[in-house]
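These notes concern the structure reproduced below.
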Amino acid sequence: MQRNLFLYLTTFLCGASIMGVEIASSRFLAPYFGSSMIIWTVIIGVILVAMSLGNFIGGRLADRSDPEQRLYQLILWAAIWIALIPVVGKYLIAVIAGAAIFLFPGNPILAGSLLVCALLFAVPCLILGATSPCMIKAATQNLDNNGRIAGEIYGLSTLGSICGTFLPTFLTIPLLGTDMTFYLFAGILCALAVVNALRGSTGKKKALTVLVLIFALAVSPFSVPFLFWETPLLETESVYNYLVVKEKDGVRTLSTHVLIGTQSMYSPKAGLTGLYYDLALLAYFMVSPAEADKRLPVLILGFATGTFARLSRQFFPESLIDGVEIDPEIVRLGREYFDLNDDDAQVFVEDGRVFLTRTDKRYRVVFLDAFQDVSYPFHMATREFFVELASKLEDGGVLAININMRSQLQPDLCSYLTGTLAGVFPTVMLCEHPNYYNRIIFASKNPQLQEMFAARVKALPEDHPLYDLAGKALPGLQAAAKSQYVLTDDLAPVEITGFRVLNQQLAGAFREILIRVILRLKDSLA
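Quick note on this note's numbering: the sequence shown kicks off at 19 and runs consecutively.
What follows is the structure, encoded as structure tokens:
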């Protein structure tokens, strides 16, 4: 009975470890490949293939020799592999991503993520998949109860998988980090091998040695950062994101990706940022100004650390701003590193769409800048979402949307968004500026939007701080091209559409990494 209880505990913890590795692997890949549905599909698919192969192999191994001894040997090997992921994994990703650019130039993200999953995460899941047949064989005493025992083992394995799903997401990753999550599950598996060795007569030294080494890695100051080729100001993780804060020439930036994208920036010097936030300020010239002694209500969806809020308060001090940010850690970093304070905005920590459904407020300006790492969240791009948002705009109010995914392939994300917006708002304008890569979509129920903007810009005095920006933007503000493409809650291929552009952007960024890594290695060897 005690023998089977320990086998059942082993079953539960192996199930938990498989899912723990799967969840942690998504966070391990996110800083390099993003965390879109496509990447999740790759992770789940590769791990399921590995587990199924493990089941086949484990069945044959269980019939060849002592299944219980074989079981804990497999568990020890899985523990070793999982413990090595934080040590070598980030270097391996850089090498594989670089190779994928040259071998698969048409789709380096998909190819690179597949190769990384196959080489890094599939192996321990294959090994753990091989343990199930060994457990059943070891626990089965006779043919009378083999069905019940098999059911108990699969049931306990599933219960363990449930725990392994929730534990990393809500506890270990936000509190300890991704690397420590791998060490934790490696340590659990190794501890099982140690206990089994202590119960028997062989393998004690090997299992204990591995456990000590895993513990040493976990508690040592040695750690390979995700951004290992640079020295950022801060690198951390939250429930939602990988987060990196950099500082260069006194300017701080926040990113959720090691290669591309800037979610926020802060400079102690007042003035424009040189980024897309400046273009979004043009929305203030598309609405009637606030009346005397009254505030202009503004909503920012995708608040981040408050870059647009600070600009708004600087150039339009009459702004009364509500900001919505889903990640509380980003808001905390805003207060600690980006000079975010209560005067900038009232910040609500929740999903932007959820906020819209519950608020009764109406706004004159809404800025939508919601990105999930480097992908656009589909539920904030659909017709149903924009209908809800339109109901929260004042008459004559304007919506500004940041979009950075440019592509020669059609339909692109811009075509989908403008087509969707056209079914909700009578006026949809697209602003391109020669000094900015990003574009801003402006949408309003006001059919005279362009005329109002032109009149207010032409009335600006030459010494106005936004005079040059607005004057150069005026020729680039045009009615968006008609588009037949519409996004709905039921059909929104946002990730597939954006994936094509990300392949191009990340390919260039990965090339830059390879050059920098090679130069760094050259310097270290010199």
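Backbone N, C-alpha and C define an ideal beta-carbon position, used for all residues, glycine too.
Spatially closest choice to residue i from the options, by CA coordinates
| i | options | result |
| --- | --- | --- |
| P465 | E450, P444 and A477 | P444 |
| T291 | F404, F326, G33 and L374 | F326 |
| R313 | F471, L133 and A363 | A363 |
| V269 | L293, L277 and E255 | L293 |
| L431 | E336, R88, P511 and P315 | P511 |
| L25 | Q91, N214 and S83 | N214 |
| N456 | A298, T249 and V276 | A298 |
| P483 | F333, A117 and P123 | F333 |
| V60 | L128, V113, T29 and I103 | L128 |
| P192 | A115, E255, R371 and L329 | E255 |
| F385 | E354, L329 and F203 | L329 |
| G414 | G169, E469, L138 and T196 | E469 |
Secondary structure of residue i, DSSP reduced to three states
| i | result |
| --- | --- |
| F24 | helix |
| G341 | strand |
| A418 | strand |
| L272 | strand |
| L374 | helix |
| V383 | strand |
| L194 | helix |
| F30 | helix |
| L138 | helix |
| D486 | helix |
| D413 | strand |
| E255 | strand |
| S70 | helix |
| S43 | helix |
| D361 | coil |
| K223 | helix |
| W557 | Examination of residue 557 is not possible in this model, given that the chain is present from 19 through 544 alone. |
| Y394 | coil |
Unbroken alpha helix (DSSP H) run spanning residue i, endpoints
| i | result |
| --- | --- |
| R350 | P346 to Y355 |
| R190 | In the sequence as displayed, the identity of residue 190 is Thr instead of Arg. Run containing T190: none; DSSP gives neither H nor E here. |
| V106 | P85 to L121 |
| S54 | Looking at the DSSP string, S54 is not in any alpha helix (DSSP H), and its letter there is neither H nor E. |
| S131 | P126 to V134 |
| F326 | T325 to F333 |
| S433 | L431 to A440 |
| K287 | From DSSP, K287 is part of no alpha helix (DSSP H); its letter is neither H nor E. |
| Y294 | Y294 to A298 |
| E469 | L467 to K476 |
| A388 | Taken as a continuous stretch (DSSP letters only), A388 belongs to no alpha helix (DSSP H), as it is neither H nor E. |
| L407 | R401 to A408 |
Neighbourhood of residue i by C-beta, 6 Å cutoff - its chain only, sequence neighbours within 5 removed
| i | result |
| --- | --- |
| D507 | T400 and E402 |
| T271 | K264, T280 and M283 |
| T158 | N164 and I167 |
| P186 | G38, I41, A42 and T199 |
| C208 | A97, V228, L229 and I232 |
| S433 | S501 and Y503 |
| K266 | none |
| C32 | L146 and T149 |
| M55 | E513 |
| V285 | Going by the sequence as given, residue 285 is Ser instead of Val. Hits under 6 Å: V269. |
Anticipated Cβ contact below 8 Å, residue i with residue j, distance rounded
| i | j | result |
| --- | --- | --- |
| N422 | D345 | Actually they do not touch by this definition, with Cβ atoms about 19 Å apart. |
| S462 | V416 | 4 Å |
| T436 | I459 | 6 Å |
| D404 | L439 | According to the sequence displayed, residue 404 carries Phe and not Asp. About 6 Å separates the two Cβ atoms, so the contact holds. |
| G494 | A388 | Not really, about 24 Å apart at Cβ, beyond 8 Å. |
| S179 | I36 | 6 Å |
| V212 | A225 | 4 Å |
| G341 | F303 | No, G341 and F303 are not in contact; Cβ-Cβ is about 21 Å, not under 8 Å. |
| F30 | L235 | Between L235 and F30 the Cβ distance is about 25 Å, and since that is not below 8 Å, they are no contact. |
Residue span of the beta strand (DSSP E) that contains residue i, given as start and end
| i | result |
| --- | --- |
| C449 | T445 to C449 |
| K155 | Premise fails: K155 lies in the alpha helix (DSSP H), T149 to A157, not in any beta strand (DSSP E). |
| P315 | L314 to L319 |
| M283 | S282 to Y284 |
| F460 | R457 to S462 |
| E265 | Y260 to K266 |
| Q364 | Q364 to F366 |
| L495 | L495 to A497 |
Close-in-space but distant-in-sequence residues of the same chain around residue i (CB under 7 Å, 5 per side omitted)
| i | result |
| --- | --- |
| P151 | N73, G76, G77 and A80 |
| D108 | Residue identity differs from the one stated: residue 108 is Lys in this sequence, not Asp. Hits under 7 Å: V242, F244 and F246. |
| M19 | Bear in mind that the predicted position of M19 carries a pLDDT of just 45, short of 50, making it unreliable; the figure below should be weighed with that in mind. Once the five neighbours on either side are set aside, M19 has no close Cβ partner at all. |
| G441 | R401 and V504 |
| E181 | Looking at the sequence shown, residue 181 is not Glu but Cys. Only A34 meet the Cβ criterion. |
| S131 | L47, F51, I57 and V60 |
| S393 | G52, S54, E513 and G516 |
Cβ of residue i within 8 Å of any chain B Cβ
| i | result |
| --- | --- |
| K224 | The chain inventory of the structure shown lacks chain B, comprising one protein chain alone. |
Beta-carbon contacts of residue i that lie in its chain and below 8 Å, excluding the five residues immediately before and after
| i | result |
| --- | --- |
| L27 | L210 |
| A322 | L272, Q281, S282, E343, I348, G352 and D387 |
| L135 | Just to set this straight, residue 135 is Cys in the shown sequence, not Leu. So the qualifying residues of the chain are S43, L47, V60, I61, V64 and I65. |
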